[in-house]
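**Student:**
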Amino acid sequence: MKADLASTALLRRFEPVIRSTSGDRFYPMDVEPYVRACSLWVQKPGEEAVCVVPDGKLSLDRLSQQPLDEAGAVHFLKLSDVEDIGPDSRGGRLRLFRRRAKDRKEVRQAFRAGRGRLARVGYFSRFVDALYSIALLARGRVPGESAAAASVTYERIMAEHENYRYHGRVLRQDGWIVLQYWLFYPFNNWRSGFFGANDHEADWEKVFVYLSETEEGEISPEWVAYAAHNYTGDNLRRRWDDPEVEKVGEHPVIYVGAGSHASYYAPGEYLTELTLPLPKPMARTTSSIRSFWETKLGQYVGDGGEGGGYFSIPFVDYARGDGLSVGEGGDRAWDEPRLLADPIPDWVSGYRGLWGLYARDPFEGEDAPAGPMYNRDKSVNRAWYDPVGWAGLDKVPPPTETLQAILEQRADIISRCGALRAEIDDKSRRLKKLGTELAAIRDRSHLDAPYEEGARLVAELSGELDRLRARLATDEAVSESLEEYADRLRAGERDPARAHISRAHRPASEDELRVSRVAEGWAAISVSLMLISFVGIAMFEREHLISMLVFSIAFFAFVEAGFRGRLVNLVSSANIGLAVVATLIIIYEFFWQLVVAAVLVVGLYVLWDNVRELRR
Amino acid sequence: MEPDRTSCRTVKVIGVLLILEVIGLIAIGVFEFSQVHWRGLDLESPQHQAVEVGVFALFIPSGVLTLLAALSFLFLRRRGWLLAAIAQGLSLAVSLWLYSLFQPGYVYPIMAYCVLIILYLNSRDVRVAFLPRRGSGASYEG
């Protein structure tokens, strides 16, 4: 009980302030009323889904029982209001339709998308996006009424008892005290509300604060990590003193993506791209050609296409922070958190199912998420069992342990250097002895075999000594660096706050957002227009099919590049393509002349080089 | 936006190379035109020599663009890069098109020269010399 109070106090001391986007309809809430409003279902392989606990009968305690469990079964919750409002009945459908229309109108009034996501990315991405949208018709997805039904349920719950609550957990790992803030939203309406990738019932998001503790028990915040989509690792976390981490007192501020509820450090519009990688052999070939082009030919390659992913589907996360804010200094205050303390509540550890509708989407984007402890496949969530590693903090000791870690590492290296020196001395002596032995038996025909064996041993030993000396030199340099690092730390110096970040998620800049309506319009119609023009050419210009296709592709590419400010890249790429073709033609037409010319050039060069040497 | 001193030489070299290209185009054009017996033209002949020479006029737009780019480079304007690249692309495209139709002899030296200039324009040193400097607000696009 005392531990719970201490945990709650710690959680409340650093609890985040969330700033949502105007137009967002769902905010972090307690799971209990949500579960009460749901029914529990089981989907067994090859069978229809079965309701095992009807709405009104479900509670957090019953949730953990997971009835009718068997291999391949998927348990999931369903927001009861979809059925209550009754999409099966005509009146129910009408009510839901009206509700959707009302929601859309309200969102339209509160939220304007601004520059369309499609205008921010390239042609291929827009083409792949069109395919993605078409695929959504065939994939399992959350029905259109669900967002409206969730909205009705959420409003009802809030009318009964308005609550803004997070689920908190405090744990110690690798010297860190980790404060986990699990935020539960009843619905993710990113796709239907904000042109995003998916909709799903229920949404679990998380924000972690990492604290260090001195021997005297003094606690100080060191790092924070905000979850955004499925990202993990170093780029997720920020140091507490990083200027990007906005704070209200000791409370970090989170800018929440509209509909997606992804968490960001700064307000703005984030381009989130789902990158589709090239097949491995093709990626390898592309990488080799790129490397040859850049290193051997000294050509400029820019920074595109790294990592083998060339097609991406763009989505924009609107985290503007201009909507309702919850927490310190916000529009609403947090209610008392629901603790996920030891022993872990059964509804967390016992229920491995999904927290909303199971849409049977093969890409899983439209399926509801599992609870904080599990992944959708029922494996344990890394953020739950290894929150330090999840944010890439497992290689970083807490400040109170850093100096000690450095000194220990240096002591290890010094001891290794001692051992290396002894080994080098020993092997060096052996090498000298072998060398003298070799000198003694050289040019003695009856000792040819031992001479060859000795020469081999000398070469091996010499190589090994070289490696050992190189390693010793490196270790000594590392040891010196560690000593300097320790001195800097003793002097109170710290590493740069953002040294660990390789690719920070940044909101779109003002320049990127500034675009004409014409560019937006072009982005919206260009893919369809191109496909229609191809069909038109195929139907009416068969005589000039190739040239017309080339001309139309060139036209679309030129206009596109103009709108996107990529004219230089387009011209450069087109020129390279033409140059390759022209080179092949020249080689084809003048192969032997080129060979003769090359031989002549080499001969003249050798002659010039030799004559120059003679004249010295 | 003027280039810094270190890239001045690169910019001037490109300018000179482009001037040489224009001179070469004019020389080829004059030579080809002088080879045709304009009075005894026989358009039915399988050689189509006059047509082959006539279509050389297609190089006029790219030649003008090349000249403008060259002057732009010589007066140290960064914006000439895009102009030069478009001119080279245009010359090469015309050459390849003519090659696919008549295979006239003059397209080969033009193709070879354009390939070299394209590679030079796209070389890392040249591209870096023309990249906009951070915070300068200069446009690479011209």
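Protein sequences, first through last, are from chains H and A. Reading the first sequence from the start, the letters are residues 1 to 616 in the numbering used here. Reading the second sequence from the start, the letters are residues 1 to 142 in the numbering used here. Positions of the beta carbon are idealized from the N, C-alpha and C atoms, including for glycine. As the structure is a prediction and not an experimental result, all values here were calculated from the model.
(1) Grab the span of the beta strand (DSSP E) containing E205(H) for me, first residue to last.
(2) For chain H, find out if any of its Cβ atoms is closer than 8 Å to the Cβ of Y108(A); answer yes or no.
(3) Just mark N610(H) as buried or exposed, buried being the case when its beta carbon has 16 or more other beta carbons within 10 Å.
(4) Mind pulling the chain H residues with CB within less than 7 Å of Y99(A)?
(5) Do the CB positions of W522(H) and V559(H) come within less than 8 Å of each other?
(6) Please name the residues in the stretch 571 to 597 of chain H whose beta-carbon is closer than 8 Å to at least one beta-carbon of chain A, in chain order.
(7) Considering only the alpha carbon of each residue, which of E483(H), C51(H), D103(H) and G327(H) lies closest to Y181(H)?
(8) Kindly give me the distance between the Cβ atoms of Y351(H) and G371(H), rounded to whole angstroms, as I take these residues to be in contact under 8 Å.
(9) By DSSP's criteria, M221(H) is part of a beta bridge. Which residues make up the other side?
(10) Straight-line CA distance for D443(H) to V606(H)?
(11) Mind pulling the beta strand (DSSP E) runs of 3 or more residues that sit fully within the stretch 435 to 483 of chain H?
(12) Considering only residues of the same chain and omitting the five flanking positions on each side of L183(H), which have a CB-CB separation below 6 Å?
(13) So what does V169(H) bridge to, in DSSP terms?
(14) What do you reckon, are the CB atoms on L627(H) and L431(H) nearer than 8 Å?
(15) Closer than 8 Å, CB to CB, is A93(A) near chain H or not?
(16) Step through the CB atoms of chain A and report whether any lies within less than 8 Å of the CB of L567(H).
(17) Taking one C-beta from the stretch 222 to 235 of chain H and one from the stretch 392 to 410 of chain H each time, how about it: are there three or more such pairs within less than 8 Å?
(18) Leaving aside the five residues before and after G15(A) along the sequence, list all residues of the same chain whose C-beta is less than 7 Å from its C-beta, in chain order.
(19) On the DSSP letters alone, give me the boundaries of the alpha helix (DSSP H) that P54(H) sits inside.
(20) Can you list, in chain order, the residues of its chain whose CB lies under 6 Å from that of Y99(A), leaving out five sequence neighbours each side?
(21) Report yes or no: is there a C-beta of chain H within less than 8 Å of the C-beta of G89(A)?
(22) Quick one: Cα of K2(H) to Cα of A341(H), how far?
(23) Measure from the C-beta of R124(A) to each C-beta in chain H and report whether the shortest distance is under 8 Å.
(24) Do A391(H) and R494(H) have their C-beta atoms closer together than 8 Å?
(25) Let me know the secondary structure DSSP gives G323(H) once reduced to three states.
(26) Note down, in chain order, every chain A residue with its Cβ under 8 Å from the Cβ of Y164(H).
(27) Pick helix, strand or coil for W41(H), following the three-state DSSP scheme.
(28) Ends of the alpha helix (DSSP H) at K280(H)?
(29) Please return the same chain residues whose Cβ sits closer than 8 Å to the Cβ of G305(H), not counting the five positions on each side in sequence.
(30) Which class does L88(A) belong to by DSSP, given the choice of helix, strand or coil?
(31) At a CB distance below 8 Å, what residues from the stretch 62 to 88 of chain A approach chain H? Give them in sequence order.
(32) Checking 8 Å against the spacing of the C-beta atoms, do L324(H) and S20(H) come in under that value?
(33) Under 8 Å between C-beta atoms, does G630(H) make it to chain A?
(34) Per DSSP, E269(H) forms a beta bridge with which residues?
(35) Of the choices G105(A), V115(A), A85(A) and F56(A), whose alpha-carbon is the least far from that of L144(A)?
(36) Thinking C-alpha only, which one of A73(H), H161(H), E215(H) and P252(H) is nearest L40(H)?
**Tutor:** So, to answer that:
(1) Along the first sequence, read from residue 1 onward, the residue named residue 205(H) stands at position 205. It spans H200 to E213 - the beta strand (DSSP E) in which E205(H) sits, taken as one unbroken run.
(2) Residue numbering aside, residue 108(A) sits at position 108 when the second sequence is read from its first letter. At a cut-off of 8 Å between beta carbons, Y108(A) contacts chain H.
(3) Reading the first sequence from its first residue, position 610 is the one you call residue 610(H). Exposed: under 16 other Cβ atoms inside 10 Å.
(4) Here residue 99(A) refers to the residue found at position 99 of the second sequence. Chain H residues near Y99(A): I585.
(5) The count along the first sequence starts at 1 and reaches residue 522(H) at position 522. The count along the first sequence starts at 1 and reaches residue 559(H) at position 559. In this structure, V559(H) lies closer than 8 Å to W522(H) by Cβ.
(6) V571, S572, A574, N575, I576, L578, A579, V581, A582, T583, I585, I586, E589 and F590
(7) Position 181 of the first sequence holds residue 181(H). The candidate whose alpha carbon is nearest that of Y181(H) is G327(H).
(8) Translated into the one-based positions of the first sequence, residue 351(H) becomes position 351. Translated into the one-based positions of the first sequence, residue 371(H) becomes position 371. Contact between Y351(H) and G371(H) holds: their C-beta atoms lie close to 6 Å from each other, under 8 Å.
(9) Within the first sequence, numbered from 1, the residue matching residue 221(H) stands at position 221. In the sequence on display, residue 221(H) carries Pro and not Met. Answer is L211(H), bridged to P221(H).
(10) Within the first sequence, the letter at position 443 stands for residue 443(H). Within the first sequence, the letter at position 606 stands for residue 606(H). Spanning the two alpha carbons is a distance of roughly 39 Å.
(11) none
(12) For the purposes of this step, residue 183(H) is taken as the residue at position 183 of the first sequence. Counting only Cβ-Cβ distances below 6 Å, and skipping sequence neighbours, we find P28, Y166 and E205.
(13) Stepping through the first sequence from its first residue, residue 169(H) is reached at position 169. At residue 169(H) the sequence reads Arg, which differs from the Val that was named. Looking at the DSSP assignment, R169(H) forms a beta bridge with Q180(H).
(14) Because chain H is modelled from 1 through 616, residue 627(H) falls outside the range shown and cannot be assessed.
(15) On the second sequence, position 93 is the one that residue 93(A) refers to. Yes, A93(A) lies at the interface with chain H (some Cβ there is under 8 Å from its Cβ).
(16) As a position in the first sequence, residue 567(H) is number 567, starting the count at 1. Judged by the 8 Å Cβ criterion, L567(H) is in contact with chain A.
(17) With a cut-off of 8 Å, the stretch 392 to 410 of chain H and the stretch 222 to 235 of chain H count as touching, because enough Cβ pairs lie within range.
(18) As a position in the second sequence, residue 15(A) is number 15, starting the count at 1. Cβ within range, chain order: A70, F73 and L74.
(19) Walking along the first sequence from the start, residue 54(H) turns up at place 54. Taken as a continuous stretch (DSSP letters only), P54(H) belongs to no alpha helix (DSSP H), as it is neither H nor E.
(20) Taking the first residue of the second sequence as position 1, residue 99(A) is located at position 99. Cβ neighbours of Y99(A) beyond the five flanking positions: V107.
(21) The residue given as residue 89(A) occupies position 89 in the second sequence. For G89(A), the answer is yes, since a Cβ of chain H falls inside 8 Å of its Cβ.
(22) Position 2 of the first sequence, counting from 1, holds the residue named residue 2(H). Position 341 of the first sequence, counting from 1, holds the residue named residue 341(H). So the two alpha carbons sit approximately 12 Å from each other.
(23) Working through the second sequence from its first residue, we reach residue 124(A) at position 124. Closer than 8 Å to some Cβ of chain H, the Cβ of R124(A) qualifies, so yes.
(24) Counting from 1 along the first sequence, the entry for residue 391(H) is found at position 391. Counting from 1 along the first sequence, the entry for residue 494(H) is found at position 494. Result no, Cβ atoms of A391(H) and R494(H) do not sit closer than 8 Å.
(25) Counted from its first residue, the first sequence places residue 323(H) at position 323. In the displayed model, G323(H) falls within coil according to three-state DSSP, outside both helix and strand.
(26) Translated into positions along the first sequence, residue 164(H) becomes position 164. The premise fails here: Y164(H) is roughly 43 Å from chain A at the closest Cβ pair, so nothing lies under 8 Å.
(27) One-based indexing of the first sequence puts residue 41(H) at position 41. In the structure shown, W41(H) sits in a strand (DSSP, three-state: E or B).
(28) The residue labelled residue 280(H) in the question sits at position 280 within the first sequence. Per DSSP, K280(H) belongs to the alpha helix (DSSP H) from K280 to S291.
(29) As a working mapping, residue 305(H) is identified with position 305 in the first sequence. Residue placement at G305(H) is poorly supported in this model, since its pLDDT is 47, which falls under 50; the coordinates still yield a value, given next. Excluding sequence neighbours, G305(H) sits near T286 and R290.
(30) The count along the second sequence starts at 1 and reaches residue 88(A) at position 88. The question names Leu, yet the displayed sequence has Gln at residue 88(A). Helix, per DSSP.
(31) W81, L82, A85, I86 and Q88
(32) On the first sequence, position 324 is the one that residue 324(H) refers to. On the first sequence, position 20 is the one that residue 20(H) refers to. Between L324(H) and S20(H), the C-beta spacing is below 8 Å.
(33) Residue 630(H) lies beyond the stretch modelled for chain H, which goes from 1 to 616, so this question has no answer here.
(34) By one-based count along the first sequence, residue 269(H) stands at place 269. DSSP lists Y318(H) as partners of E269(H).
(35) Here chain A covers residues 1 to 142 and nothing more, so residue 144(A) does not appear.
(36) Stepping through the first sequence from its first residue, residue 40(H) is reached at position 40. Of the candidates A73(H), H161(H), E215(H) and P252(H), the one whose C-alpha sits nearest the C-alpha of L40(H) is A73(H).
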